[in-house]
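Visitor: Dropping the structure in here first, questions after.
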Amino acid sequence: YGDVYAELFGGNYDDPGKNIELYVDYIFTHRKHHWGRHVKGWLDKKRQHPETIVIARYEELVRETREAFIQVLLEKYGSVKEEFVNSAVERQQFERQIKRSEDQHRTFLRKGKTGDWRNWFTPESARIFDKYAGDVLIEAGYEQDHSWIDLENNDHRD
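In our numbering, the protein residues as written are 16 to 173.
Okay, structure coming up:
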């Protein structure tokens, strides 16, 4: 996508602070599969097939990695092997992922902090995002209502 973004945003296409409104609008209007459709699709599948789909939120995995992973395994398989959990959690620690990503000279990982996405939104980009995916944001449990777009006067949740 680098060429498309460079054409749309100019030389600083990879600086979200300078062009977040254009980026958010572009993602929702020019891409067939965007965050809203992706998340809505999985929420719908979970409702249709609750026994086969397990949804784990990034925020839960960051805050309580081991417990969240155990919950996923219990929900899906009904049991947990401690040695498997310990090994998987150790292998996937964010710090290890950053190191691995830096070693490969390309990273899609940011800070590994929950709620950091709010730091990048301007009031206008929040309004655009809410227009296209606000209902999904609420349905997924990230927000309680559409008042989240009032960024300056809102106590945000993770």
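No residue lacks a Cβ here, since even glycine has one placed at the ideal position from N, Cα and C.
Does the beta-carbon distance from ILE35 to THR137 come in below 8 Å?
Guide: Here residue 35 is taken as the residue at index 20 of the sequence shown, counted from 1. Here residue 137 is taken as the residue at index 122 of the sequence shown, counted from 1. For ILE35 and THR137, yes; Cβs fall inside 8 Å.
Visitor: Under 8 Å: do the segment 36-50 and the segment 138-152 share three or more Cβ pairs, one atom per stretch?
Guide: Touching, yes.
Visitor: On the criterion of 16 or more Cβ atoms from any shown chain inside 10 Å, does LEU89 qualify as buried, or is it exposed?
Guide: Position 74 of the sequence shown, counted from the first residue, corresponds to residue 89. Flag for LEU89 reads exposed.
Visitor: Around the Cβ of GLY1, are there at least 16 other Cβ atoms within 10 angstroms (buried) or fewer (exposed)?
Guide: Residue 1 cannot be examined here, being either before or after the span of the chain that is shown, 16 to 173.
Visitor: Use the C-beta contact count for TRP163: other C-beta atoms within 10 angstroms, 16 or more gives buried, fewer gives exposed.
Guide: By one-based count along the sequence shown, residue 163 stands at place 148. That one is buried.
Visitor: Compute the beta-carbon to beta-carbon distance between VAL87 and ALA71, rounded to the nearest angstrom, for a pair I have assumed lies under 8 Å.
Guide: Along the sequence shown, read from residue 1 onward, the residue named residue 87 stands at position 72. Along the sequence shown, read from residue 1 onward, the residue named residue 71 stands at position 56. That pair is a contact at about 5 Å.
Visitor: Taking Cβ to Cβ, would you say ALA155 is nearer than 8 Å to VAL54?
Guide: Start at 1 with the first residue of the sequence shown, and residue 155 comes out as number 140. Start at 1 with the first residue of the sequence shown, and residue 54 comes out as number 39. Result yes, Cβ atoms of ALA155 and VAL54 sit closer than 8 Å.
Visitor: If you run the structure through DSSP and keep just helix, strand and coil, what is ASP165?
Guide: Your numbering for residue 165 matches position 150 in the sequence shown. Three-state result, ASP165: coil.
Visitor: Can you find the residues in the same chain that come closer than 8 Å, C-beta to C-beta, to HIS161, ignoring five residues on each side of it along the sequence?
Guide: Taking the first residue of the sequence shown as 1, we reach residue 161 at position 146. So the list reads ASP145, GLY149 and ILE153, once near-sequence residues are dropped.
Visitor: Looking at the structure shown, is TYR157 part of a helix, part of a strand, or coil, going by DSSP?
Guide: Within the sequence shown, numbered from 1, the residue matching residue 157 stands at position 142. Coil, per DSSP.
Visitor: Using 10 angstroms around the beta-carbon of PHE99, count the other beta-carbons present and answer buried if the total reaches 16, otherwise exposed.
Guide: Position 84 of the sequence shown, counting from 1, holds the residue named residue 99. It counts as exposed.
Visitor: Closest to GLY32 by CA distance: which of HIS64, TRP135, ASN101 and ASP165 is it?
Guide: Walking along the sequence shown from the start, residue 32 turns up at place 17. Considering only alpha carbons, the answer is TRP135.
Visitor: For ASP40, collect the residues of the same chain with a Cβ closer than 7 Å to its Cβ; drop the 5 residues on either side in sequence, then sort them by chain order.
Guide: Working through the sequence shown from its first residue, we reach residue 40 at position 25. The answer, listed in chain order, is ILE143.
Visitor: How long is the line joining the alpha carbons of ILE85 and LYS91, rounded to whole angstroms?
Guide: Numbered from its first residue, the sequence shown carries residue 85 at position 70. Numbered from its first residue, the sequence shown carries residue 91 at position 76. If you take the alpha carbons of ILE85 and LYS91, they lie about 10 Å apart.
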